Amino acid sequence: MILCAGEALMDMLPRKTVEGGDAFAPHAGGSVFNTAIALGRLGAPVQFFSGLSSDLFGDILRAELAASGVDDGPAAISNRPTTLAFVTLTDGHASYAFYDENTAGRMIAPVDLPDVAAEALFFGGISLVVEPCGAAYEALMLREAASRVTMIDPNIRPGFITDEASYRDRLTGMLGAADIIKTSDEDLEWITGAADASAFLRDVGAQVVLLTRGSAGVTIVTAQGAVDVAAAKAEVVDTVGAGDTFSAGFLASLHDQGVLTKAGISTVTKAQLVEAATFGAKVAAITVSRAGANPPWAAEL
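In this text, residue positions in the sequence shown follow my numbering: the first is 22, and each later residue adds one.
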């Protein structure tokens with residue numbers, strides 16, 4: 022079982038009305054939510070923990086989780102509103118304006134943390150930036166990291182960060198506890214000031230660093246060295262959810278290979294990591310070939 026812990030929100034995606042005017046259409050989203058959805062569609066056993074609303078958007082989020090085979094039993098339900106993220110696209114690349122004050126996802130606290138039965142946990146996204154939910158996810162990861170595999174994708178959104186010093190302190194602790202770190206080259210440069218993944222791995226002590234570079238593929242870095250995995254070819258419609266889907270494919274493959282445990286990840290081979298990253302790239306290529314975060318089902322592969 023894999024527990025994904027992080028934000029669920031409504032992406033308000035740009036669309037045209039039948040009259041040709043500009044509009045936004047609501048679609049279920051959120052970085053960690055997308056990863057959970059992708060894992061469920063790939064057939065991996067997955068649970069989701071977040072703060073979910075009982076409002077109409079929360080109903081959509083829970084229905085989407087259920088339809089994709091994700092167990093939302095660990096989630097904390099409240100009558101606070103759902104977070105909204107208005108998306109604009111420039112040459113296929115997404116930027117976001119978040120409406121997150123006093124929302125169901127924002128206001129979870131350490132008291133809401135679930136009991137964990139999963140062998141692995143996944144964290145990331147904007148949910149690590151703000152309070153009180155950031156403290157809750159940090160507490161959950163630090164509580165479980167000694168006995169379960171933990172993976173983190175910071176997925177940095179500089180425009181969403183209001184207290185950079187506190188956020189960097191949180192990231193330092195969570196990155197130092199993680200077994201697997203997925204980061205883009207842009208995110209790594211924001212975190213460290215450089216894109217040297219090997220030095221980063223030595224500094225944080227993780228088992229694996231995955232440095233994603235868009236169409237240039239991904240570099241897998243371990244204590245034994247680095248290996249590049251090419252991106253799968255795709256006709257890109259937009260990149261919404263691409264990294265989230267890659268993470269899901271990577272975790273799903275490690276689970277299928279039987280190495281997504283503390284013992285397994287400590288002895289994982291280069292060949293097993295390459296297989297996982299190759300599968301993640303294949304899954305992500307399908308996501309970018311269609312509009313929005315719409316991860317593929319196992320049958321599509």
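Think of the CB as a built atom: it goes at the ideal place given N, C-alpha and C, for glycine as much as any other residue. Keep in mind the model is a prediction, meaning the values are calculated, not measured.
Quick one: what does DSSP say residue i is sitting in, helix, strand or coil?
i, result
"G197", "helix"
"K37", "strand"
"M162", "helix"
"A247", "strand"
"A298", "helix"
"L281", "coil"
"D217", "coil"
"I182", "coil"
"I129", "coil"
"V309", "helix"
"S116", "strand"
"A253", "coil"
"L105", "strand"
"D92", "strand"
"L322", "coil"
"D206", "helix"
"T111", "strand"
"D265", "helix"
"G64", "coil"
"T288", "coil"
"N55", "helix"
"V151", "coil"
"I177", "coil"
"V137", "coil"
"D121", "coil"
"A273", "helix"
"A237", "helix"
"A314", "coil"
Assuming residue i and residue j are in contact, meaning their beta carbons sit under 8 angstroms apart, how far apart are those beta carbons, in whole angstroms?
i, j, result
"A49", "I23", "Actually they are not in contact, since the Cβ atoms of A49 and I23 sit about 19 angstroms apart, beyond 8 angstroms."
"G72", "A106", "Actually they do not touch by this definition, with Cβ atoms about 15 angstroms apart."
"S205", "V242", "No, S205 and V242 are not in contact; Cβ-Cβ is about 14 angstroms, not under 8 angstroms."
"V225", "V295", "22 angstroms between Cβ atoms; not a contact."
"V108", "P35", "6 angstroms"
"L63", "A320", "10 angstroms between Cβ atoms; not a contact."
Just grab the DSSP bridge partners of residue i for me.
i, result
"I81", "In DSSP, I81 forms no bridge with anything."
"V229", "I201"
"A49", "M31"
"C25", "F69, F143"
"T171", "L142"
"A97", "G72"
"V242", "V230, A247"
"A44", "R36"
Can residue i and residue j be called in contact, C-beta distance under 8 angstroms?
i, j, result
"R191", "C154", "no"
"A253", "A306", "yes"
"V230", "I202", "yes"
"K37", "A44", "yes"
"G145", "G262", "no"
"E159", "G194", "yes"
"P135", "F54", "no"
"D93", "R83", "yes"
"A130", "A157", "yes"
"T104", "Y120", "yes"
"Q245", "S287", "no"
"G238", "A302", "yes"
"A255", "V309", "yes"
"S74", "S52", "no"
Is the beta carbon of residue i within less than 7 angstroms of some heavy atom of the ligand ADP?
i, result
"V108", "This structure simply doesn't include the ligand ADP, nor any ligand for that matter."
- [ ] Tell me, please, whether the segment 199-214 touches the segment 160-175 by the rule of three or more beta-carbon pairs shorter than 8 angstroms.
- [x] yes
- [ ] Count the CB pairs spanning the segment 266-281 and the segment 56-72 that are closer than 8 angstroms, and state whether there are at least three.
- [x] yes
Task: Three or more C-beta pairs below 8 angstroms linking the segment 77-93 and the segment 179-197 - done: Contact fails: fewer than three Cβ-Cβ distances are below 8 angstroms.
Open item on the list: Whether or not the segment 128-142 and the segment 159-169 are in contact is what I'm after, with contact meaning three or more pairs of Cβ atoms, one per stretch, closer than 8 angstroms; do they touch?
Closed with: yes
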